[in-house]
Every structure is written in structure tokens, then in C-alpha cells.
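Chains as they are written, first to last, in the working numbering: chain A, 4 to 206; chain B, 3 to 195.
Just so you know, even glycine gets a beta-carbon here, dropped at the ideal spot from N, CA and C.
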Amino acid sequence: MIVHRQTPKSLYLVCAITTSFGLLTDPAWAHSADDAAGGFGSGFLHPVMGLDHLIAMVGVGIWGAFLGVPAIWLLPVIFPLVMAVGGVIGIMGVPLPNVETWIASSAVAIGIGIAFALRPPLWLAILVVGLFAIFHGYAHGAEMPQTANPLAYAVGFVMATGLLHLCGIAFGLLERSVLGRVIVRTSGGVIALLGVGFLTGAL
Amino acid sequence: MTALRFLCVAIAAISPDIAVAHEAFGDLGPFYTHMLHPAVDPAQGLVLVGTGALLARQPIEAVRPAYAIFALAAALGISVLAVLPLTAPAMRMTGATAIVLGVLVTIGLPLPRWFVALICAAMAAMAAVSFEMSGTAFIIVQKAFGGALGLAVTVLFVWGTLDWTAQRVHPIATAVAGSWITAAGLLVLAIPA
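Next comes the structure, spelled out in C-alpha cells:
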């Protein structure tokens, strides 16, 4: 028997507002060309503007919502931490093989997890998400030393990643209704297909 | 509706369009420029957000004296800076500090009151020396007042926002913020000098 927990209205409110702000990114890069070249805006936009990053980050949030408590909150805590480790590897210039392939694979794997409503044990979910987080972080970190303000870049991309997770969680909470569940699982299929597109080079 | 308004203001304050709008401030004068400094200096902002998040993880009995000490130390630090030419902390120092604060926030263990107060005093001093204090005596006084107020308000704002979120949404919200702070600190620490 599936037991649906009562979700506080405030949680929906926070998720809705966070989603709205997550989508309102254009003012951030319209302010100054200098910042877009290498500061907070550049770091913030890196995960947002790269579709492969974006679908995977949102996917992690959606999957977390699917898995329920405590994964819904643990994954957004763990992902940035492990991603930062990947970022450090990227900054140090340690070569990692097939980074783009791993990033595309993350979208495929997480998309399939959502589409088929897979509920692996928590440790396995953390392991999968953590593994992919290293490659996402690596891609961000590898570009960081060239930026004009690396500190602002770091803060920007960590915040953007976290907000994308929250957007995913907000969207994933729709699965608590019957129609919402169909929409969320369909979106998982779309994420997986986009991932396949990146993996095969079609996108 | 009060909660909704508070939340909208909280999110608007951390949204990227405001954070990157340094040029949008224009010439506001030394008082307001220094008061808004934490919003445009990522190093100073990271330390202050970490301090506010740390306070949000501690019981209110520990927060009250720690915040008072923070405000006093900030005022004292800026006053010293007005007299002595101190330099802002290196980026790696900021990164290491953010990691320590972020880990403490993520773990969320209640710390001894004296230790929280000590951390707050150290963070206030660290944030205070990030200001630039040149000019005539009148300008320096304005910068000092604006800077001290900016530091105090920023930490209070972060503490209030996270404390509200932790109580009204989910206690783990502060841990999420802690993981962001740790992640940013790790990356900053790894950046070549």
C-alpha cells in the first residue's frame, strides 16, 4: 500500500517561488559584459545554459522527489559536495576520460530512473548521483581558472546547481497526484532521450 | 502573507540579477557603498553567509551573545582598519574558512557558546578587513558606519532567512546551504594563486 505523506503548503510555496526564480535567469546576464566574461554570472550560467548539465541537475532533483524522504534532501546536499571534488580535479588539470560521455550518460541514467520510477536503495542512489556529480563538477572546474573572478564563478555555479536541484524537486513533487505522476515520468523519458541525443552526438 | 512577503524578499536578495548588479549601484556615496559591499564582494559575502548559516544551526541561547560579539568585533575591526593599513585575506584563506564554516553548518552539531562567539568574532574581523578605507576623516567615518552596518545586517538577514526556512520548511534546508558553502570553499581553495 502506498502511503502519501501530507506535504506542508510552505514547501510547495518555497518550491514554486524557487522554480520561478530559477527560470528568471536572463537579468543576470544582461547586466554587464565583464561579469558574463568571468564572474558570478558566468558561473551561474554555466550549468543553466548547458542543456546537458541542466537536464541532469533538474533530473537529480526530480529523482530525489520520487525517492522521497530522506533522498529528496540528501541528494541536494551530497551532489554539490561531490561536484566540488570533481571541480577541484578539473582545476588541477587531472585528466578524466570521456567527460562529455559521462555527462550525457548521467542524463540517460537519471531520466530512465524517473521514467520507470526506479527506487534503488539510498546508498545506491547516492553512489550513482555522486559518480555523475564528479564529471559535472570536472566540466565546470576545468573552465574556472580562465575566468576573471574565480571566486564569484565558484559561488555562481554552486548556487545555480543547487537552484536547479530545487527546481527539479519542485517539479518532482507533482508525482503525488495521478496526472502529475504521468507528467513527471514523461519528463524523465524526455530527459533520457535528450541524454541519448547528446550521447550519440545528435544534439 | 507576511511569511510570503518575507520569503519573496529573501529570495530576491540572493537572486543573481541583484548579486551581479555592482555597476547598478552607481555612486551611492561612501556610506551606502560600504553597506552594500557584502553583496558585491563574493569573498566577504561567502564568509558572512557562512557565519549567518552557522548561527542558524545553533540554539538561540548561543546566537544572542555570538551575534552581539560579531557586531562589536565588526565595528572594532573596521575602526582598526581605518587607522592601520591591513590587507584583505587571501583567496585561499577565504576558501579554507568557507570549508570549515560549511562543514560545521552541514553537520549541524550544537557547539559550545564560547566557541560560536569566538568564530563570530574571527569572521567579523576577517570580513572587516575586506573594506577599503581611504579618504577624508568624514568619508572614513561614513565608510566605517556603513561597513559595520552592512556586515551586521547581512549576517542577521542570512541567519533569519535560514532559521525561518529550517523551522517552516524543513530543518535540512540549512544543511543544504552548508553543502553549498563547503562546495564553494573547496573550489576556491583549489584555484591556482
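Does DSSP put residue i in a helix, a strand or coil?
i: Glu-134(B); result: coil
i: Val-158(A); result: helix
i: Val-102(A); result: helix
i: Ile-193(B); result: coil
i: Gly-31(B); result: coil
i: Leu-164(B); result: helix
i: Ser-180(A); result: coil
i: Ala-87(A); result: helix
i: Pro-153(A); result: helix
i: Val-171(B); result: coil
i: Gly-204(A); result: coil
i: Asp-43(B); result: coil
i: Leu-111(B); result: coil
i: Gly-96(A); result: coil
i: Arg-188(A); result: helix
i: Val-102(B); result: helix
i: Gln-144(B); result: helix
i: Arg-122(A); result: coil
i: Leu-169(A); result: helix
i: Thr-89(B); result: coil
i: Ala-40(A); result: Residue confidence is low: Ala-40(A) scores 46 on pLDDT, short of 50, so the model does not pin down where it sits. Its coordinate-derived value is still stated next. Helix at Ala-40(A).
i: Val-63(A); result: helix
i: Leu-127(A); result: helix
i: Val-49(B); result: helix
i: Arg-94(B); result: helix
i: Arg-59(B); result: coil
i: Pro-73(A); result: coil
i: Leu-151(B); result: helix
i: Gly-53(A); result: coil
Between residue i and the rest of its own chain, which residues show a CB-CB distance below 6 angstroms, the 5 nearest in sequence each way excluded?
i: Gly-116(A); result: Trp-66
i: Arg-94(B); result: Leu-191
i: Ile-58(A); result: Ala-110, Ile-194 and Leu-197
i: Thr-156(B); result: Pro-40 and Leu-50
i: Gln-169(B); result: none
i: Arg-184(A); result: Glu-178
i: Ala-99(A); result: The residue you asked about is not Ala; residue 99(A) is Leu in the sequence shown. For Leu-99(A), where only same-chain residues beyond five positions count, the Cβ hits under 6 angstroms are Tyr-141.
Report yes or no: is there a C-beta of chain A within less than 8 angstroms of the C-beta of residue i?
i: Met-125(B); result: no
i: Ser-132(B); result: no
i: Met-93(B); result: yes
i: His-39(B); result: no
i: Ile-109(B); result: no
i: Leu-164(B); result: no
i: Leu-189(B); result: yes
i: Thr-2(B); result: Residue numbering for chain B in the displayed model covers 3 to 195; residue 2(B) lies beyond these limits and cannot be assessed.
i: Val-178(B); result: yes
i: Ala-90(B); result: no
i: Leu-50(B); result: no
i: Thr-99(B); result: no
i: Ala-185(B); result: yes
i: Ser-81(B); result: no
Within the same chain, show all residues whose beta-carbon is closer than 7 angstroms to that of residue i, passing over the 5 residues directly before and after it, in chain order.
i: Leu-83(B); result: Ala-130, Val-131, Phe-133 and Met-135
i: Val-131(A); result: Ala-112
i: Val-22(B); result: For Val-22(B), the pLDDT reaches just 44, beneath the cut-off of 50, and the residue's location in the model is therefore unreliable, although a value from the coordinates is still provided. Cβ neighbours of Val-22(B) beyond the five flanking positions: none.
i: His-36(B); result: Phe-133, Lys-145, Gly-148, Gly-149 and Gly-152
i: Leu-206(A); result: Leu-197 and Gly-200
i: Ile-75(A); result: Gly-67, Ala-68 and Ile-172
i: Pro-112(B); result: Gln-60 and Pro-61
Nearest chain B C-beta to residue i closer than 8 angstroms, yes or no?
i: Trp-76(A); result: yes
i: Phe-1(A); result: Any answer about residue 1(A) is impossible in this case: the structure gives chain A only from 4 up to 206.
i: Ala-40(A); result: For Ala-40(A), the predicted structure reports a pLDDT of 46, less than 50, and the residue's modelled location is therefore unreliable. A value from the coordinates is still provided. Chain B contact via Cβ: absent.
i: Val-63(A); result: no
i: Phe-135(A); result: no
i: Ile-115(A); result: no
i: Gly-71(A); result: no
i: Gly-53(A); result: no
i: Val-91(A); result: yes
Am I right that residue i and residue j are in contact with their C-beta atoms under 8 angstroms? What's the rounded C-beta distance?
i: Ala-175(B); j: Thr-167(B); result: 4 angstroms
i: Ile-106(A); j: Phe-138(A); result: 5 angstroms
i: Leu-217(A); j: Ile-129(A); result: Since the displayed chain A opens at 4 and closes at 206, residue 217(A) lies outside it and no answer follows.
i: Met-86(A); j: Thr-164(A); result: 6 angstroms
i: Arg-115(B); j: Pro-67(B); result: 6 angstroms
i: Phe-160(A); j: Gly-46(A); result: 4 angstroms
i: Met-60(A); j: Pro-50(A); result: 6 angstroms
i: Ala-127(B); j: Ala-75(B); result: 6 angstroms
i: Pro-153(A); j: Ile-193(B); result: 5 angstroms
Spatial neighbours of residue i within its chain, please: C-beta separation below 8 angstroms, excluding the five flanking residues on both sides.
i: Thr-104(A); result: Leu-202
i: Ala-98(B); result: Gly-187 and Leu-191
i: Leu-88(B); result: Val-82 and Val-131
With respect to 7 angstroms, is the separation between the Cβ of residue i and the closest non-hydrogen atom of the ligand GTP below this value?
i: Val-72(A); result: As far as ligands go, the structure on display features none, and thus does not contain the ligand GTP.
Pairing CB atoms from the region 49–65 of chain B with CB atoms from the region 173–182 of chain B, are three or more of them under 8 angstroms?
Contact holds: three or more Cβ-Cβ distances are below 8 angstroms.
The region 179–190 of chain A contacting the region 85–93 of chain A, beta-carbon criterion three pairs below 8 angstroms:
no
Count Cβ pairs between the region 140–147 of chain A and the region 28–37 of chain B that sit closer than 8 angstroms; are there 3 or more?
no
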